[in-house]
Amino acid sequence: MQATSAKPSSPALDRQSLRPDCANCFALCCTAFGFLRSADFALDKPAGTPCRNLASDFSCTIHDRLRPRGFRGCTVFDCFGAGQNVSQGQFAGKSWLEAPGTKDEMFAAFKAARQLHEMLWHLAEAQERTFDPDASDRVARFRDTIGKALGGGMPQLIALDMQDLHSRVRAALMEVSEEVRASYFAAGGDHLDSELKPGADLVGRNLAFRRLCGADLRGAYLIAADLRNSDLSGVDLLGADVRDARLEGADLSKALYLTQMQLNAARGSRTTLLPPDLEVPSHWGDE
Ligand code: SF4
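If you want it as structure tokens, here you go:
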């Protein structure tokens, strides 16, 4: 249920618009970032240079075989809609190929915008999940501030104290998390395990068939953990590392602060229940 409060003033703050739209992006994730050769990216690529698999129309020449070719990271990454916002909004649809002089500024804007879009993604959920009108208003103000910064172009982005904003947003998210988790805590669950806590090392842990409702697993290391058929309703997963976690049959439909990137990095199937704003990754069930 949506709490009553001030609504965000810009359509850019809508959660659906925080999904990537690669067709309207100048492949900023394939150019702005630098990568070292690893299990996620098969070659070294300096920041600010196009990936060698990038075509001149900004498509990926190996899009349908990224994982077998060693580019798993590309199937995981999510820009939270920052790519199309910067490409079409801030730079008015003129690419760094057409106007090479804008390249550095465009890539810097993308890096900043992506952080802001990620905050917006979580803030949108916080506002939807809280029943506290004061918390909802605080969250709405953050959404508005960030929307204005994004709409103000580079001068506004450069002026932002990103670290300070990030820590204040995080505090607002935690406040809503406590409220949401408390409602699941009251309903009971087997999450009282003292090891289930923020930042916990749960690498490879067997948590299958567990009722984890309301647990705080913010920043937890759940790499390759077995969460099959577990109920994660009301579980705070902000920043949790779920790479290769087994999610088949798990109920994540009401998990808190889950992202598409986390799902893309995990293993699941059509039996995994997801929140409505997130999609079953195309590679699930393939491996
Ligand atoms: S492999 Fe394709 S998706 Fe990955 S960075 Fe290169 S061009 Fe982009």
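At position 77 of the sequence shown the residue is numbered 808 (this note's numbering), and the sequence of numbers has no breaks.
Cβ atoms here follow ideal geometry from the backbone N, Cα and C, with glycine treated the same way.
Check: residue i C-beta below 7 Å from any heavy atom of the ligand SF4
| i | result |
| --- | --- |
| residue 758 | yes |
| residue 755 | no |
| residue 995 | no |
| residue 782 | yes |
| residue 944 | no |
| residue 802 | yes |
| residue 889 | no |
| residue 810 | no |
| residue 954 | no |
| residue 689 | This structure cannot speak to residue 689, because the chain is shown only from 732 to 1018. |
| residue 793 | yes |
Candidates the options, of which the one nearest residue i by Cα
| i | options | result |
| --- | --- | --- |
| residue 866 | 745, 910 and 992 | 910 |
| residue 817 | 797, 805 and 846 | 846 |
| residue 800 | 770, 1002 and 1008 | 770 |
| residue 861 | 879, 840 and 905 | 905 |
| residue 901 | 745, 863, 887 and 849 | 849 |
| residue 853 | 784, 768 and 870 | 870 |
| residue 872 | 855, 883 and 958 | 855 |
| residue 932 | 914, 955, 896 and 912 | 955 |
| residue 1016 | 802, 980, 809 and 967 | 980 |
| residue 757 | 882, 772 and 833 | 833 |
| residue 1006 | 990, 998 and 995 | 990 |
| residue 1038 | 778, 970, 788 and 961 | Outside the displayed range of the chain (732 to 1018) lies residue 1038, so it cannot be described from this structure. |
| residue 903 | 924, 851, 930 and 772 | 851 |
| residue 974 | 912, 803 and 785 | 803 |
| residue 778 | 929, 838, 830 and 1013 | 838 |
| residue 787 | 961, 1013 and 827 | 827 |
| residue 822 | 898, 999, 883 and 959 | 883 |
| residue 813 | 807, 958, 789 and 755 | 755 |
| residue 913 | 945, 952, 896 and 815 | 945 |
| residue 789 | 752, 807, 942 and 959 | 752 |
| residue 925 | 939, 943 and 983 | 943 |
| residue 987 | 772, 951 and 964 | 964 |
| residue 1036 | 868, 951, 890 and 994 | Residue 1036 lies beyond the range of the chain shown here (732 to 1018); nothing can be said about it. |
| residue 961 | 892, 928, 978 and 907 | 978 |
Residues sharing a beta bridge with residue i, DSSP
| i | result |
| --- | --- |
| residue 766 | 776 |
| residue 937 | 957 |
| residue 1021 | As displayed, the chain neither begins before 732 nor continues past 1018, which places residue 1021 out of reach and without an answer. |
| residue 998 | 977 |
| residue 791 | 785 |
| residue 759 | Its beta-bridge partners do not exist; DSSP assigns none. |
| residue 952 | 932 and 972 |
| residue 987 | 967 |
| residue 947 | 967 |
| residue 942 | 962 |
Where residue i falls, given that 16 or more other Cβ within 10 Å makes a residue buried
| i | result |
| --- | --- |
| residue 747 | exposed |
| residue 739 | Its pLDDT being 38, under 50, residue 739 is placed unreliably in this model, and the coordinates cannot settle the point. |
| residue 792 | exposed |
| residue 796 | exposed |
| residue 735 | Bear in mind that the predicted position of residue 735 carries a pLDDT of just 35, short of 50, making it too unreliable to give a figure here. |
| residue 937 | exposed |
| residue 783 | exposed |
| residue 825 | exposed |
| residue 877 | buried |
| residue 1011 | exposed |
| residue 840 | buried |
| residue 749 | buried |
| residue 742 | Caution is warranted here: a pLDDT of 42 is assigned to residue 742, below 50, making its placement in the model unreliable, and no coordinate value can be reported. |
| residue 765 | exposed |
| residue 1001 | exposed |
heavy atom of the ligand FAD below 7 Å from residue i C-beta
| i | result |
| --- | --- |
| residue 785 | Ligands present in the displayed structure are limited to the ligand SF4, and the ligand FAD is not among them. |
At 4 residues or longer, and completely inside the stretch 805 to 881: list those alpha helix (DSSP H) runs for me, N to C.
Unbroken alpha helix (DSSP H) stretches of 4 residues or longer found wholly inside the stretch 805 to 881: 834 to 860, given in chain order.
I'd like the ranges of any alpha helix (DSSP H) spanning at least 4 consecutive residues and lying wholly in the stretch 961 to 985.
Here no run is fully enclosed.
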